[in-house]
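Below: one structure, written as structure tokens.
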Amino acid sequence: MLLRYRGGEGMIAWAFHRISGVAIWAFVLLHVVDIYLVGGNPELYDEVLKVYASFPGRILEVLLGAALLYHALNGLRIIIMDFWPPLTRYHRALWYGCWAIFIAVGLPVAYEIMAPVYGWPEFFR
Amino acid sequence: MQVDLRVLRYDPERDSKPYWAEYLVESGPMERVLDLLHRVKWEQDGTLTFRRSCAHGVCGSDAMLINGRNRLACKIRVDQLGRRISVAPLPGLPVVKDLVVDMEDFFAKYRSVRPYLVNEAPLPARERLQSPQARARYDDTTKCILCAACTTSCPSFWAQKSYVGPAAIVNAHRFVFDSRDEAAQERLEILADKDGVWRCRTVFNCTDACPRGINITQAILEVSAAIVERRI
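Respectively, the protein sequence lines represent chains A and B.
Per our numbering, the first sequence runs over residues 2 to 126.
Per our numbering, the second sequence runs over residues 878 to 1109.
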């Protein structure tokens, strides 16, 4: 039914929230494992860090940043409506506002993560 | 013009699973999906089964999944949908036959919130007076026609059938915020349950599906806030 029902912006916002939430949870599991390696197997930890710094690793890092940013912004949107229910009338506008902030914050972050791969100048290091 | 009408049909006594039946129906752009269903039933296949009563958006009998969204067949017109129209029963409820679903569980949840005025005080000589402002507090939720379009559009309900659902919460809201009612606390206790308001995920499908334009999500959040405020 989830794929058959043609919901509006609210349903898409909720679906992205769920998907990004699961992605963040998967990263947290991975993070627990790699932090464990610092003490458990330092050589393997260095290898894992190399994977993170590689091109595919950085793409995943950009996706992680996107998931975190979206989940945080949409979470704030939901919290705002929880506290002020009349704002539910503007839930679409709030969602588009989330996307505006997502792009404004996300693009520079994605640039910064990918810059070393392409030899672009880095502004925040 | 000719409309390609697809109907998800299922007769539990004959069919092993639901199937899409296709009908070519002559229609004008201002005709409604209910008119098309009537034309199929009266002119092509008399076995097609669906509910309808007033046919003017008041009784709420003919809520269906039309082109992927819950709507009333008597309110949605062909020009709003195009020449290819699909009609299926309301999602998440057991199908009795074709477009008819079993609403018993839906109405049981509705009844569970005591959707009527509770006031044990002696009857006044004429009426229980209420200011226009107090009446306006719950005006939006008086419009519910119990069509079930909201509850059956809710992903939380699809996943957890024990969820009381938006329609029951809307009807609780109608009395919780009625200044003449005395059972608000009791209704809030019922809705504070794990299958009450907390299952709402602010998806807005219910609000989008409501044929009466009720801001259902706002009503649910107001009931949630009332539960929290009374507990602090």
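The beta-carbon is built from N, C-alpha and C at its ideal position, and this holds for glycine as well.
Since we're looking at a predicted model, the values are computed, not measured.
Where the beta strand (DSSP E) containing residue i begins and where it ends
{"i": "residue 1082 (chain B)", "result": "Careful: residue 1082 (chain B) lies outside any beta strand (DSSP E), inside the alpha helix (DSSP H) at 1082-1086."}
{"i": "residue 962 (chain B)", "result": "961-965"}
{"i": "residue 115 (chain A)", "result": "Here residue 115 (chain A) belongs to no beta strand (DSSP E); instead the alpha helix (DSSP H) covers 92-119."}
{"i": "residue 943 (chain B)", "result": "940-943"}
{"i": "residue 898 (chain B)", "result": "896-903"}
{"i": "residue 892 (chain B)", "result": "Element bounds for residue 892 (chain B): n/a, residue is neither H nor E."}
{"i": "residue 879 (chain B)", "result": "879-886"}
Residue i: first and last residue of the uninterrupted alpha helix (DSSP H) it sits in
{"i": "residue 1064 (chain B)", "result": "1061-1068"}
{"i": "residue 73 (chain A)", "result": "56-84"}
{"i": "residue 922 (chain B)", "result": "No alpha helix (DSSP H) contains residue 922 (chain B), which DSSP labels as neither H nor E."}
{"i": "residue 37 (chain A)", "result": "10-41"}
{"i": "residue 912 (chain B)", "result": "910-916"}
{"i": "residue 1108 (chain B)", "result": "1093-1108"}
{"i": "residue 1035 (chain B)", "result": "1032-1036"}
{"i": "residue 1047 (chain B)", "result": "1043-1053"}
Own chain partners of residue i with C-beta closer than 6 Å, once the 5 adjacent residues on each side are dropped
{"i": "residue 1104 (chain B)", "result": "1065, 1069"}
{"i": "residue 888 (chain B)", "result": "974"}
{"i": "residue 1027 (chain B)", "result": "1043, 1044, 1083, 1086, 1087, 1093"}
{"i": "residue 958 (chain B)", "result": "944"}
{"i": "residue 63 (chain A)", "result": "111, 114"}
With 16 other Cβ atoms within 10 Å as the buried cut-off, status of residue i
{"i": "residue 878 (chain B)", "result": "exposed"}
{"i": "residue 975 (chain B)", "result": "buried"}
{"i": "residue 886 (chain B)", "result": "buried"}
{"i": "residue 980 (chain B)", "result": "buried"}
{"i": "residue 1054 (chain B)", "result": "buried"}
{"i": "residue 901 (chain B)", "result": "exposed"}
{"i": "residue 907 (chain B)", "result": "exposed"}
{"i": "residue 85 (chain A)", "result": "exposed"}
{"i": "residue 924 (chain B)", "result": "exposed"}
{"i": "residue 1073 (chain B)", "result": "buried"}
{"i": "residue 897 (chain B)", "result": "exposed"}
{"i": "residue 124 (chain A)", "result": "exposed"}
Cβ separation of residue i and residue j, assumed to be a contact under 8 Å, to the nearest whole Å
{"i": "residue 1044 (chain B)", "j": "residue 983 (chain B)", "result": "7 Å"}
{"i": "residue 932 (chain B)", "j": "residue 967 (chain B)", "result": "That belief does not hold up - the Cβ atoms of residue 932 (chain B) and residue 967 (chain B) are roughly 18 Å apart, past 8 Å."}
{"i": "residue 1029 (chain B)", "j": "residue 1096 (chain B)", "result": "In fact, because the Cβ distance is near 17 Å, the residues do not count as touching under 8 Å."}
{"i": "residue 1059 (chain B)", "j": "residue 997 (chain B)", "result": "6 Å"}
{"i": "residue 28 (chain A)", "j": "residue 65 (chain A)", "result": "5 Å"}
{"i": "residue 1051 (chain B)", "j": "residue 1007 (chain B)", "result": "Residue 1051 (chain B) to residue 1007 (chain B), Cβ: 13 Å. No contact."}
{"i": "residue 1022 (chain B)", "j": "residue 936 (chain B)", "result": "7 Å"}
{"i": "residue 4 (chain A)", "j": "residue 1032 (chain B)", "result": "Not quite, the Cβ-Cβ distance comes to about 11 Å (not below 8 Å), so this is no contact."}
{"i": "residue 969 (chain B)", "j": "residue 7 (chain A)", "result": "So it is not a contact: roughly 15 Å between Cβ atoms."}
{"i": "residue 98 (chain A)", "j": "residue 70 (chain A)", "result": "Not confirmed; about 13 Å, so no contact."}
{"i": "residue 943 (chain B)", "j": "residue 978 (chain B)", "result": "Not quite, the Cβ-Cβ distance comes to about 14 Å (not below 8 Å), so this is no contact."}
{"i": "residue 49 (chain A)", "j": "residue 38 (chain A)", "result": "6 Å"}
{"i": "residue 1067 (chain B)", "j": "residue 1020 (chain B)", "result": "At roughly 22 Å, the Cβ-Cβ gap does not stay under 8 Å, so residue 1067 (chain B) and residue 1020 (chain B) are not in contact."}
{"i": "residue 1079 (chain B)", "j": "residue 79 (chain A)", "result": "5 Å"}
Spatial neighbours of residue i in its chain, beta-carbon cut-off 7 Å, leaving aside the 5 residues before and after
{"i": "residue 72 (chain A)", "result": "18, 21, 22, 25"}
{"i": "residue 10 (chain A)", "result": "93, 96"}
{"i": "residue 934 (chain B)", "result": "949, 951, 952, 1088"}
{"i": "residue 986 (chain B)", "result": "1041, 1042, 1045"}
Contact set for residue i: own chain, Cβ-Cβ below 8 Å, skip 5 residues either direction
{"i": "residue 40 (chain A)", "result": "none"}
{"i": "residue 112 (chain A)", "result": "121"}
Problem - Complete runs of the alpha helix (DSSP H) confined to the segment 969-1029 of chain B [at least 4 residues] - result: Qualifying alpha helix (DSSP H) stretches, in chain order: 981-989, 1009-1013.
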